[in-house]
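Let me begin by presenting the structure, written as structure tokens, before commenting on it.
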Amino acid sequence: MAYKYHVGVVDYAAIVLTLLISAGIGIKFRYFGKKQNTMKDYFMAGKNMSKFPVIISICVTMTSAVSMLGTPSEIYRYGVQSIVINLGLPIGIALAAYVFIPVYFQCGVSTVYEFLEIRYGKITRYVVSALFILQMVLYMSSVLYAPVLALNAVTDLSIELSIIVFGAICTFYCAMGGLKAVLWSDVFQFNLMFITIMALYIAGIREAGGLAQVYDTANSGSRLNMFDFRVDLTTRYTFLNCLLQGIMYGFGCYGTSQIEVQRLLSLSNVKRAKSTLLISILPVTGLYLLCNLYGLILYSVYYLCDPISNKKVTGLTKYDQLVPYFLVSKFHSIPGLTGLCMAGIFSGSLSTVSSALNSLATVTVVDFIHPLFSSIRSNEAKSVFIAKTLSFCYGFICICLAFALLHTSSIKQVSNLVNSTVDGPVAAIFTLGILTTKCSGKNVLFGLLAGVAVTSWIGYGTLFSGYIQASLPMNTSKCATSFNFTETVSYTIPTYLGFENISSSTSSMLVSQSDIFILYKVSYYWIRPIGFITTIFFTFLAVCLTGWKAKISLVGGKNKTNCKDIIEIS
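Just so we're aligned, residue 1 is where the sequence shown starts under full-length UniProt numbering, counting upward by one.
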């Protein structure tokens, strides 16, 4: 049985202190200063936030612990090709800043899905809002569970207690302090994440023998494969699919997802929102770049003895456990440093989950409760109370689903796949709504459902087909303990964030690759572009079959005149 490192009292004290600070931020904005008694204050932070916390929150909200653990493992296994996503991200974010953000401010919406009602009607708004709720509930549960699982593999940290404590603290400060508490807690958690990453870099470069040695080792191990220009949909990472993934992720996530747009809506005007989003390009791509490049350092440290292949000694079974394994093996002798770095990893999850909770409460109140209950819509205090209650309820659901993950190995992949299958089609109908005047609600609903159906078919077909995507060669020649090792290709489940279920015995159960349907071999990085293109195709097919509209017809919502003006200009 592999040895697990003991988490000491000082380490626990460091973790508890960081949690108390996060909770204290929620208490501060609940009981001190301007109270969160109106929807504008609770949902939009009074629309008077400064740029700095919004930029930091934009940066860390979608950079969860899953990215901190999963992205380096992907580079470790498949090489640096996926770093090209950082070239596409700035393009996508810039497009979001100039295409989407002005429309939301002009229409005066609180959620992006209000725009869909103004443009297409209530049914479209309800369908997309429901997809967002399902998507975020699944995603935040896996985001909370993933670092707990990884750290439990190499330490004696309790999975059950960690899920409850971290989930409860996150829910508490989010529900108590609203968006303003979430934004400022993100700033604190960003500092912890940055400290953790820097500590890992310093220790990793020192262990590998310097930057020159990192480069030489990565090069000799074929990890510097950045320019693969093949047009092959079945290759996991190519220059083209990584570039498109970056553009689509930046365009969709930062332009059409409530979880990111809500931060920009907390600013006073569209000019500040656009400049804030454009400035955030630097920290967003910088953080992703750091997560990517750390995979090369890990490879340089373990290139002669892969810890997963040497699992009889290390006890590791999944590549997403590499980062915490290195962390505790190098820092356990320094009191408090392991705990501080653990807190940094968990901070990535806390920032994502708290942002998701706040957005879920906002979407539920504004998009479902207010349209159905006019008495609640006219009562600010009651709306805020319901929002706080919903935050607690969603937090409870998140914790429960995280516990359900204890007995399954695929829910992380499924939840990440939900993000990919939904994001592309949703970005498509927002784009059509802003840049064209030809689509009605029925047309885009047909396109949306067709797009989601196609991406779900391909994505889930890939997930359950048993298709093997081989990683680059691993070396075990210098492992401390020799044992009979037969090289096998691991069963890889394509996921956006790079978490896989690795089993050396899986190969015997896999079907022949030649028997797998060709679409089930498509790289998961193509799911978003496929969803976007498919939705646009089927929408315009419906438009052609039902007849072209001469002019845009805004069918519901508020500020319709302003919306019409800016959409026609776009």
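Built from N, CA and C at the ideal position, the CB exists for glycine as well.
Legend entry - Cβ-Cβ distance between S521 and T234 below 8 Å: The sequence given here has Lys at residue 521, not Ser. Closer than 8 Å, so yes.
Inset, instruction - Put T421 into one of helix, strand or coil per three-state DSSP. - result: helix
Legend entry - Backbone CA spacing between K318 and S141 [nearest angstrom]: 19 Å
Legend entry - alpha helix (DSSP H) runs wholly inside the region 2 to 57, at least 4 long, in chain order: 9 to 31 and 39 to 44
Inset, instruction - Take S67 as the anchor and find which of I434, L293, L472 and Y460 has the nearest alpha-carbon. - result: L293
Legend entry - L134, buried or exposed, once every other Cβ within 10 Å from all chains shown has been counted against 16: exposed
Inset, instruction - Compute the distance between the beta-carbons of G246 and I85, then report whether it is under 8 Å. - result: yes
Inset, instruction - Would you be able to state if there are at least three C-beta pairs under 8 Å between the region 458 to 467 and the region 439 to 448? - result: no
Inset, instruction - Return helix, strand or coil for T155, following the three-state DSSP convention. - result: strand
Inset, instruction - Let me know the secondary structure DSSP gives C393 once reduced to three states. - result: helix
Inset, instruction - Look at L179 and Q258 and say whether their C-beta atoms are less than 8 Å apart. - result: no
Inset, instruction - Give the DSSP-derived three-state secondary structure of T437 in the structure shown. - result: coil
Inset, instruction - Measuring alpha carbon to alpha carbon, tell me which of F532, R77 and K122 ends up nearest Q469. - result: R77
Legend entry - Validate contact between the region 224 to 231 and the region 307 to 314 using beta carbons, cut 8 Å, 3 pairs: no
Inset, instruction - If I'm right that V148 touches S162 with Cβ under 8 Å, what's the distance once you round it to whole angstroms? - result: 5 Å
Legend entry - Where S354 falls: helix, strand or coil (DSSP): helix
Legend entry - At least three beta-carbon pairs within less than 8 Å, the region 118 to 127 to the region 268 to 285: no
Legend entry - For S370, the nearest candidate out of N358, V384 and L357 (CA to CA): One detail in the question is off: residue 370 reads as His in this sequence, not Ser. Nearest option by C-alpha distance: V384.
Legend entry - Residue burial classification, T364 (beta-carbon count within 10 angstroms, cutoff 16): buried
Legend entry - Cutoff 6 Å; reference G447; Cβ partners in own chain excluding five residues on either side: T535, F538 and T539
Inset, instruction - For E160, count neighbouring Cβ atoms within 10 angstroms of its own Cβ and tell me buried if that reaches 16, exposed if not. - result: exposed
Inset, instruction - Look at the alpha carbon of A13 and the alpha carbon of Q106, and state the distance between them as a whole number of angstroms. - result: 48 Å
Legend entry - From V422, R30, F532 and R528, residue whose alpha carbon lies closest to that of S129: V422
Inset, instruction - Return the chain-ordered list of same chain residues with a C-beta closer than 6 Å to the C-beta of F29, the five sequence neighbours on each side being excluded. - result: G177, K180 and A181
Legend entry - Cut-off 8 Å between Cβ atoms - residues of its own chain near F331, not counting five sequence neighbours on either side: A199, A203, L337, T338 and C341
Inset, instruction - In angstroms with no decimal places, state the Cα-to-Cα distance between N419 and D41. - result: 29 Å
Inset, instruction - Determine the burial state of Y145: buried for a count of at least 16 other Cβ atoms within 10 Å of its Cβ, exposed for fewer. - result: buried
Inset, instruction - Tell me whether I297 is buried or exposed, calling it buried when 16 or more other Cβ atoms sit within 10 Å of its Cβ. - result: buried
Legend entry - Residue range of the unbroken alpha helix (DSSP H) whose run includes N292: I281 to Y302
Inset, instruction - Following the continuous alpha helix (DSSP H) through P324, name the residue where it begins and the one where it ends. - result: L322 to F331
Inset, instruction - Report the three-state DSSP secondary structure of T431 (helix, strand or coil). - result: helix
Inset, instruction - Within its chain, find whatever has a CB closer than 6 Å to the CB of G348; leave out the 5 residues flanking it on each side and keep chain order. - result: S64, A65, M68 and M193
Inset, instruction - State the CB to CB distance for the pair A427 and M248, rounded to an integer number of angstroms; the pair is presumed to be in contact (CB under 8 Å). - result: 7 Å
Legend entry - 8 Å Cβ cutoff met for S268 and K47: yes
Inset, instruction - Enumerate, from N- to C-terminal direction, the unbroken alpha helix (DSSP H) stretches of 4 or more residues contained entirely within the region 53 to 98. - result: 65 to 78
Inset, instruction - Determine the extent of the alpha helix (DSSP H) in which P529 is found, giving its start and end residues. - result: I527 to T546
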